[in-house]
Amino acid sequence: MNREYKEAVVELLYQLADDDLLVSYRGSEWLGLVPHIEEDVAYSSITQNTMGHAAIYYGILEELGEGKVDDLAQLRPANERKNAIILEEKNGQGHWLYEEPRYDWAFTVVRNYFYEAIKKKKIDSLKQSTYEPLVQTAIKIDTEARYHLMHWQTWFEQLIRAGGEAEERMKAAIEKVWKDIGGVLSLGPNEEKIVSAGIIESEAVLKERFLADMKEKFAELGLEFPGEPGMERGDGRAGVHTEDLEEAIATLSEVYALDPAVPW
Amino acid sequence: MTMAKMSLESVVRQQLETVCDPEIFTVSILDLGMVENISVREGTVTVELLPTFLGCPALGIIKENVIDAIRQLEEVKEVEVNYIKSPPWTTDRITEKGRQGLKEFGIAPPPAKLEDDGTWEVSCPYCGSKQSRVENIFGPSACRSILYCKQCKNPFEAMKPISTM
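Line by line, the protein sequences give chains D and S.
With the working numbering as the guide, the letters of the first sequence map in order to residues 1 to 264.
With the working numbering as the guide, the letters of the second sequence map in order to residues 1001 to 1165.
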């Protein structure tokens, strides 16, 4: 593997790993707080799987000499993270531990639905990657992630169709998430290197496939299509992040950082 | 020489019959279809396993249990156990014996396939009725779903179908 190719693989792996880590971290904060008990079972299972997907990507990075899996997940500072900004955003007002959590379920449903829909497009593309470990990983992740997408799509459709306050909140959440969902589609400043090496297809191609699905779904549900996905707060792939990410990393690594040599 | 090599391999395989899923102790990892490869070279045993679900917390425990079980064999000098990425583990790798073991434990074996409309046909592990409905695709662990039998009116768990199709 030549240096340039390896750099491109490493770059994409960090994006994939950090996206899955942050979205599952935010999922873990919902434990015990979701609307009903069956959802608690489902969402925590999805979160556990997704954390597993992040671990597999970090594992490949470890094999490529980037450092230990746990260090990669827990010890990298915010400005080195490659996740999309929308995935680091807090679930809503309050905190599960320090103050009354008043999290936003509509935001959570919409964020997860769009995220899983884009993840599916990336996974399908990675099955044709020139990098064999990513092909194998994509095939395996797809067997699990299809259930995640099905789950969030069900919530999305039901809350829109419910009308009333549910529909209003969902529409507000769609508007909010759409402003930054472009960050999940982004392949970052090094896109050309990644794409020309055949590791994944271009952002434009992935976006077109995602938007085709969304247009169909929005029409089916009688929703107005919001147009071009935005990236208003910047590109997480380029190291642009918010305070929410710093808070997330500080919390998720609190125990590990006490003494990384200790097996917990 | 070849004979000896063959026999240690089969001894290892036999020993792996004793390693079960830590939460479903009626099914060995062999019957779960997790063991992809066993190779022996001058007393060093290498076992390649397939992860069932990538985030399953039992994976680490199973790996340790495999190492412990093989270390008990006198002929073995060293053991190496690795999870490999390919082929992907799918529920059709579970053997007939494994399916029976799941039933004994009260878990319905996974359906052969998912219908096109996303539904699946599972027999209730208590009364055998196929009149069941999926209550939750997700369950108390990554590999299980929660169902309800309309015939005997018991809730039950079924192994979630995993396939690359």
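Note that CB positions come from ideal geometry on N, CA and C, so glycine has one too.
From a predicted model like this one, the values you see are computed outputs, not experimental measurements.
Any chain S beta carbon closer than 7 Å to M1/D: No, because no Cβ of chain S sits closer than 7 Å to the Cβ of M1/D.
Report the three-state DSSP secondary structure of A250/D (helix, strand or coil). Helix at A250/D.
What three-state label does DSSP hand K112/D in the structure shown? Note that residue 112/D is Asn in the sequence shown, not Lys. Helix, per DSSP.
Taking Cβ-Cβ distances shorter than 8 Å, what residues in chain S pair up with H53/D? L1054 and G1055
Interface positions of the stretch 1085-1098 of chain S facing chain D (Cβ-Cβ less than 8 Å), listed along the chain: K1085, S1086, P1088, W1089 and T1090
Is T130/D close to chain S? Criterion is C-beta to C-beta, closer than 7 Å. no
To which residues does DSSP link P1155/S through a beta bridge? Y1148/S
Closest by C-alpha distance to F218/D, when choosing among Y57/D, H36/D, E167/D and L134/D: E167/D
Between the beta-carbon of V1012/S and the beta-carbon of I1038/S, is there less than 7 Å? yes
Using the C-alpha atoms, what's the distance from S1141/S back to P1022/S? 12 Å
Cβ closer than 8 Å: which chain D residues qualify as neighbours of N1082/S? Within chain D, no residue comes near N1082/S; the closest Cβ sits about 11 Å away, beyond 8 Å.
Taking 7 Å as the threshold (C-beta atoms), are F1138/S and A54/D in contact? no
Neighbour flag for Q15/D against chain S, beta carbons, 7 Å: no
In this structure, does DSSP put E101/D in helix, strand or coil? The sequence shown places Pro at residue 101/D, rather than the Glu named in the question. Correct three-state label for P101/D: strand.
Reduced DSSP category for L1050/S - H, G, I as helix; E, B as strand; rest coil: In the three-state DSSP reduction, L1050/S falls in the coil class, being neither helix nor strand.
Any idea if T1119/S is buried or exposed, counting beta-carbon neighbours within 10 angstroms, 16 or more meaning buried? exposed
Distance, Cα to Cα, M1001/S vs W1089/S? Residue placement at M1001/S is flagged as unreliable, the pLDDT there being 48, under the threshold of 50; the coordinate-derived value follows with that caveat. Their backbone Cα atoms lie some 33 Å apart in a straight line.
Can you confirm whether N1136/S, when its beta carbon is compared against all beta carbons of chain D, has any partner nearer than 7 Å? yes
For the beta strand (DSSP E) containing F210/D, name the first residue and the last one. Unbroken run through F210/D is the alpha helix (DSSP H), E203 to E220; no beta strand (DSSP E).
Segment contact, 8 Å Cβ cut-off, at least three pairs: the stretch 29-37 of chain D with the stretch 1121-1138 of chain S: no
Quick check: the stretch 5-24 of chain D against the stretch 69-88 of chain D, are at least 3 beta-carbon pairs closer than 8 Å? yes
Per DSSP, which residues does T1044/S bridge with? Please list them. R1041/S and E1078/S
Between L185/D, Y131/D, A138/D and I118/D, which lies nearest to Q153/D when the distance is taken from Cα to Cα? I118/D
To which residues of the same chain is W105/D closer than 7 Å at the C-beta, ignoring the five residues directly before and after it? Result list for W105/D: P35, in chain order.
So, helix, strand or coil for M1001/S, using DSSP? Low per-residue confidence applies at M1001/S: pLDDT is 48, beneath 50, and the placement is therefore not dependable, though the value from the model is reported in the following sentence. Three-state result, M1001/S: coil.
Do you know offhand how far C1127/S's Cα is from G1060/S's? 35 Å
For S1163/S, return the contacting residues in chain D, with the cut-off set at a CB-CB distance below 7 Å. T143
Check the C-beta distance from A1069/S over to L1032/S and give it rounded, since I have them as a contact under 8 Å. Contact doesn't hold; Cβ gap of about 15 Å is too wide.
Pairwise C-alpha distance: N91/D and S102/D: Note that residue 102/D corresponds to Arg in the displayed sequence, not to Ser. For R102/D and N91/D, the distance between alpha carbons rounds to 9 Å.
Between A1142/S and chain D, is any beta-carbon pair separated by less than 7 Å? yes
For P226/D, which of S253/D, L33/D and E175/D has the nearest alpha-carbon? E175/D
Please report the straight-line C-alpha distance between P1051/S and K1150/S, rounded to a whole angstrom. Cα to Cα, the separation comes out at about 33 Å.
DSSP on V240/D, reduced to helix/strand/coil? coil
Expressed to the nearest angstrom, what Euclidean distance is found between the alpha-carbon atoms of W96/D and M51/D? 19 Å
Check T1026/S in the structure and name its three-state DSSP category. strand
Please tell me whether I123/D has its Cβ less than 7 Å away from any Cβ of chain S. no
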